[in-house]
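What follows is a set of notes on a single structure, which appears directly below.
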Amino acid sequence: MKKNISGIAALIFVAIAGYFIYETRPPSQDALTQETARVLAVTKQKNWWYEASIQTQSGVVLTCRAKKNPNAWASRCPVIELEGLVGQPVTVWYNPDRLYVIEHAGVELMGMEQHQSAQYTAWGLAALVLVMALAALFLM
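With the working numbering, letter number 69 in the sequence shown gets 121, and the count goes up by one each step, no holes.
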């Protein structure tokens, strides 16, 4: 009975690790839609976060959020830079789920690096969870 429970726990840990690895992989830039867009607004939320709204030429409204403190989640969404670009054109790469890259006048304001960094963090967590799965399987 004890081996069955440890086997189930190990399977759960493996499933969690698989989820971390699968869900955090960023798409290739070829799989993203590239389009010219216009920065609509940067608005303060009820908490300390700010939200930037960008509308593409095809009418899709994209949003991203971040704190204004440049040291806290600065790469998540460049709200400080976008605040100065309200009404101006930017180039964006996105898919239906998320905004990935923002460029203005050839300068990358937000790039794929932040998503790759999140993927590396998830891989580290997945490795830790796999160690927990092995521990559940062999030490219980």
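Backbone N, C-alpha and C define an ideal beta-carbon position, used for all residues, glycine too. Keep in mind the model is a prediction, meaning the values are calculated, not measured.
With 16 other CB atoms within 10 Å as the buried threshold, where does residue i fall?
i, result
"Thr-108", "buried"
"Ile-57", "exposed"
"Ile-60", "exposed"
My guess is that residue i and residue j are in contact by the Cβ rule of under 8 Å, so how many angstroms apart are they, rounded?
i, j, result
"Val-138", "Ala-118", "Actually they do not touch by this definition, with Cβ atoms about 16 Å apart."
Can you give me the start and stop residues for the alpha helix (DSSP H) that residue i sits inside?
i, result
"Leu-84", "Unbroken run through Leu-84: none, as it is neither H nor E."
Going by the C-beta, is residue i closer than 7 Å to any heavy atom of the ligand ATP?
i, result
"Thr-88", "In the structure shown, the ligand ATP is absent, as is every other ligand, since no ligand is present at all."
In terms of residues, what are the limits of the beta strand (DSSP E) holding residue i?
i, result
"Val-113", "113 to 119"
"Leu-151", "151 to 156"
For chain C, find out if any of its Cβ atoms is closer than 8 Å to the Cβ of residue i; answer yes or no.
i, result
"Tyr-172", "Structure shown: chain C not included; a single protein chain is present."
Between the options, which lies nearest to residue i when the distance is taken from Cα to Cα?
i, options, result
"Tyr-74", "Phe-190, Ala-188 and Ala-174", "Ala-174"
"Ser-110", "Gln-97, Cys-116, Tyr-152 and Arg-90", "Arg-90"
ask   = Does the count of Cβ pairs from the stretch 145 to 154 and the stretch 77 to 95 closer than 8 Å reach three?
value = yes
key: Inter-stretch contact (C-beta, 8 Å, three-pair minimum) for the stretch 64 to 71 and the stretch 154 to 166   = no
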